[in-house]
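Q: Protein chains in written order, with my numbering: chain A, 3 to 500; chain B, 3 to 500.
Idealized CB from N, CA, C, for every residue including glycine.
Listed below in structure tokens is the structure:
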């Protein structure tokens, strides 16, 4: 049951570590999210949803299906999504001549299973918006989407995934741009504060932006194989979708104007990012702010006559802790009474990444000394606390662990970002040192780029490296493009990516 | 903008009243749930989800798509759903000869968009369950499902709807039956306590049960046109799906056994039920426990110089109230500063069914007398309270309103349930008195039924009436079937239904 280490085989390590969270389903490309993984998604939802509402957004729900003709309304959009659309063509099954079911009742117009909802939301916005008084319109949707994938990887790339998609319409260009950046900031803070991931916020290049957007902003995280993972995007759509869907309003002077729109989204991919940012060779490491549970209490019973006392103590402690709020939700505490070997039990929780464990036996009750074990400490190391101390200090312990996990990720990221000015060094940076680990390479290269798509194509072709983003906080700095040597005014992030 | 009254045209009344909650989308049969409606669904989700977790269930997520061959595994199941399946046959779009998009890349095996998930969940359960130690397995999923409908009605019958579906597996028949009844009880209490709907819990007849179930339990509510609405179902599936999906386990004696399974669900249909149970001729009436918002504060500004003072007072009052918890969630208070006529503003909130309104002008500040207006009282009637009294009593006012709304629904239901023993009276009961209102008839008939499907067919054909359920609390009572005159041992509920 031991996994390969991250060094030995990163891809296989990921696949094994993620088993407690999700698995492949019999439906090609679609995953089943298991309870321990879904709890992470519920926590992500709860936190983001609260922030969306605090920033004035309301939730709504739009149809799963999109008529084919809607997709055609925005040229870049259809170009971007046509190749990965699941198409519904019939609305009934009948028994065929060989006794097998076959599709019957063809639709007049085929329907696409939504890969994203700009076109259908736009259609409704056009109905709902008449006057400047109806603006801004700030809507969010929690939903499933489908983008057909030939090669899938749990959470990172699946045909169906879960996400939220914000869709907003504004009176002015400036307001829409503000909204785009506001939501980018929401994602960035969420990644830092809750996921403990030191992401880099930036702008996508033309070749990497969302199909139909004017500008795509993103946050990019560095995984432990030093590849980049896009963890959220916020798009300034200009008037492209307003034109396509005819979203018009009477402005303050009574003139008919096109609205300015945005969209922004984060997905179950974040769970893959969590795993790859913090997991270690023993399994998952879940930051307390987002963890599926905070503490597992394991009753240790050597003799039958002490069973009742130990079990009740464990439940009473769990009950007491469950009343303590931790960043807006009550502490989640599990008492694990499963009938299995103590060692296996502990390992099952280490592997699942639960932040804290306590094993409680009759002696611990007698001495009032509880041994708190922390997931990011050596596994047998115990912090001895009385019950009162534990209850009083527990959330501080969690906050301290959250900070340690974040700091470790920051240190890792800093160690693997390099400013590179020479093409040769650039190529060496992205070339794996070890043939048996072709995935592991230098990391993020912070380099000058002249702004031409041709330069992007070269590194993509030669190294499978792309520009992840032009960091929003990049200061102006004169230099020469690392690929072409042409003049450049700022550095961008080059990396291999998921 | 005035609707027809319920008496004048019930169907049209429903369509108009529901406009604030949802609307038809350009996608045939699919609705858009608007923020005011979606907030109801969020409240339903929050409350049910808490109870599901308290009763030991965990959330997970299963694929949207189901391979055609899975559906075929359970004969009754495929028979029940084949006619309403949306079928995905292609996974790509290409530009056709006429420049239009056409489906390309046909799938080897077509996929069904899930109408329900027993078959795909069963497949995973078979993998996850090995031993009696893995049981019970108690899973719930919040998801969208698709059942193709030719005639749709917002919330009541749509091609796509949102729901939760519980799926559980157990060691013994008895445990599975207990679970089925436990979840029926959860739905029943939720309908009574939160939706203020006095539903009747019962068992479906063979002809009305879930395709593939051994026994289907349901809760049935009476709408104001006296028709029945099924508001939730809980199915004892016996070993039917365990057989179909091969869900086996080693029992306590090491023998391989088939598991016993259940499934249970409630949908966005409940929102339609809320509307039709409590709405009046002025619009929606939302019970406080589930309402999208509890209170709207409307600043009344006659002179510009008092504006600032009034607005800040309103926000300060709202802020104070928002800290008060009400049945597990904070009070939701809206300050409506929209630039429109006061009368129109008030009416817009009456129509939306918000439980309480307060209009606040400079004089109210001076006298510290706030006029609380309650949705179920005459619209101009004000309860005068000081600010402190309002804050102290507000949740009591909500609870009292919740009770009044429930009591009114109970009285309505009691007034329109009749014990009927004669066939002639039965036919008269279900025949509309008024030709212009063909929908309105007697209500629920509590009658003897001998248990034969033929009798059901007769009343279905003659009156479009069905047996809604055999009430679980029906006492044994000898009698004669109201249709055939054959011997019967208990009464069942006959009604027209949505």
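Note down the Cα distance separating residue 436 of chain A from residue 166 of chain B, rounded to an integer number of angstroms.
A: Approximately 49 Å, taken between the alpha carbons.
Q: State the Cα-Cα distance for the pair residue 378 of chain B and residue 403 of chain B, rounded to the nearest angstrom.
A: Using only the alpha carbons, I get a separation of about 7 Å.
Q: Could you say which of A/426, A/206, A/234, A/142 lies nearest to residue 473 of chain A if we only look at CA atoms?
A: Of A/426, A/206, A/234, A/142, the residue nearest in Cα terms is A/206.
Q: If you pair each beta-carbon of the region 375-394 of chain B with each one of the region 317-333 of chain B, do three or more pairs fall below 8 Å?
A: Counting Cβ pairs under 8 Å, three or more are found: they touch.
Q: Output needed for residue 258 of chain B: all residues of its chain with C-beta closer than 7 Å, excluding positions within five of it in sequence on either side, in chain order.
A: These residues qualify, in order along the chain: 250, 252.
Q: Would you tell me roughly how many angstroms separate the C-alpha atoms of residue 276 of chain B and residue 469 of chain A, rounded to the nearest one?
A: Distance between the alpha carbons of residue 276 of chain B and residue 469 of chain A is about 52 Å.
Q: Below 6 Å CB to CB, which residues in the same chain sit around residue 465 of chain B once its five sequence neighbours on both sides are set aside?
A: For residue 465 of chain B, where only same-chain residues beyond five positions count, the Cβ hits under 6 Å are 432.
Q: Which same chain residues end up closer than 8 Å to residue 97 of chain A when comparing Cβ atoms and leaving out the 5 residues on each side of it in sequence?
A: Around residue 97 of chain A: 103, 104.
Q: Note down, one range per segment and in chain order, each alpha helix (DSSP H) of at least 4 residues found wholly within the region 420-481 of chain A.
A: Those alpha helix (DSSP H) runs which fall completely within the region 420-481 of chain A and span 4+ residues are 425-431, 455-465.
Q: Taking beta-carbon pairs under 9 Å, can you tell me which members of the region 239-256 of chain A lie near chain B?
A: So the list is empty, because no residue satisfies the distance condition.
Q: Please give the ranges of any alpha helix (DSSP H) in the region 128-202 of chain B, keeping only runs that are unbroken, at least 4 residues long and fully inside the region.
A: Whole alpha helix (DSSP H) segments, 4+ residues: 175-195.
Q: Please tell me whether residue 36 of chain B and residue 411 of chain A are closer than 8 Å, where the distance is taken between their beta carbons.
A: Against a cut-off of 8 Å, the Cβ pair of residue 411 of chain A and residue 36 of chain B comes out as no contact.
Q: Taking Cβ positions, are residue 171 of chain B and residue 57 of chain B nearer each other than 8 Å?
A: No. Outside cutoff.
Q: Within this structure, are the beta carbons of residue 201 of chain A and residue 240 of chain A separated by less than 8 Å?
A: No, they are not a contact pair.
Q: Would you say residue 126 of chain A faces chain B, with C-beta separation under 8 Å as the test?
A: Closer than 8 Å to some Cβ of chain B, the Cβ of residue 126 of chain A qualifies, so yes.
Q: Under a CB-based cut-off of 8 Å, is residue 94 of chain A close to chain B?
A: Answer yes: the Cβ-Cβ gap between residue 94 of chain A and chain B drops below 8 Å somewhere.
Q: If you check the beta carbons only, do residue 388 of chain B and residue 366 of chain B fall under 8 Å apart?
A: Against a cut-off of 8 Å, the Cβ pair of residue 366 of chain B and residue 388 of chain B comes out as no contact.
Q: Give the single residue among B/106, B/193, B/122, B/447 whose Cα lies nearest to the Cα of residue 498 of chain B.
A: Nearest C-alpha to residue 498 of chain B: B/447.
Q: Can residue 94 of chain A and residue 77 of chain A be called in contact, C-beta distance under 8 Å?
A: Cβ atoms of residue 94 of chain A and residue 77 of chain A: not closer than 8 Å.
Q: Per the DSSP calculation, residue 328 of chain B is bridged to which residue(s)?
A: Partner(s): B/331.
Q: Between A/46, A/17, A/7, which lies nearest to residue 330 of chain A when the distance is taken from Cα to Cα?
A: That would be A/46, whose Cα lies nearest to the Cα of residue 330 of chain A.
Q: Check whether chain B comes within 8 Å of residue 122 of chain A, counting only Cβ atoms and requiring the distance to be less than that.
A: By this cut-off, residue 122 of chain A is an interface position.
Q: As an exercise, report each continuous beta strand (DSSP E) stretch of at least 3 residues that is fully enclosed by the region 30-93 of chain B, in chain order.
A: Whole beta strand (DSSP E) segments, 3+ residues: 33-35, 67-69.
Q: With DSSP run on the structure shown, which of helix, strand or coil describes residue 358 of chain A?
A: Residue 358 of chain A: strand per DSSP, three-state reduction.
Q: Residue 237 of chain B to residue 185 of chain B, Cα distance in whole Å?
A: Each residue's Cα considered, the two are about 9 Å apart.
Q: Does residue 256 of chain A come out as helix, strand or coil in the three-state DSSP assignment?
A: Three-state DSSP puts residue 256 of chain A in coil, outside helix and strand.
Q: Going along chain A, which residues have a C-beta under 8 Å from residue 162 of chain B?
A: 65, 66, 67, listed in chain order.
Q: Determine, using beta carbons only, whether residue 12 of chain B and residue 227 of chain B come nearer to each other than 8 Å.
A: Taking 8 Å as the Cβ cut-off, residue 12 of chain B and residue 227 of chain B qualify as a contacting pair.
Q: Go to residue 407 of chain A, then tell me how far its alpha helix (DSSP H) extends in each direction, as first and last residue.
A: From DSSP, the alpha helix (DSSP H) with residue 407 of chain A extends over 389-417.
Q: Less than 8 Å separating the beta-carbons of residue 495 of chain B and residue 204 of chain B?
A: Yes, the Cβ-Cβ distance between residue 495 of chain B and residue 204 of chain B is below 8 Å.
Q: Based on Cα-Cα distance, which residue from A/52, A/126, A/16 lies nearest to residue 155 of chain A?
A: Answer by Cα proximity: A/16.
Q: For residue 455 of chain A, which residues of its own chain have a beta-carbon under 7 Å away from its beta-carbon, when the five flanking residues on both sides are left out?
A: Answer for residue 455 of chain A: 208, 209, listed in chain order.
Q: Buried or exposed, going by whether 16 or more other CB atoms sit within 10 Å of the CB of residue 368 of chain A?
A: Label assigned to residue 368 of chain A: exposed.
Q: Given that residue 44 of chain B touches chain A, what residues does it touch there, using C-beta distances under 7 Å?
A: In chain order: 61.
Q: Could one say the Cβ of residue 135 of chain B lies closer than 8 Å to chain A's Cβ atoms, at least one of them?
A: Judged by the 8 Å Cβ criterion, residue 135 of chain B is in contact with chain A.
Q: Skipping 5 residues on each side, what residues in its chain have a beta carbon closer than 7 Å to that of residue 179 of chain B?
A: These residues qualify, in order along the chain: 238.
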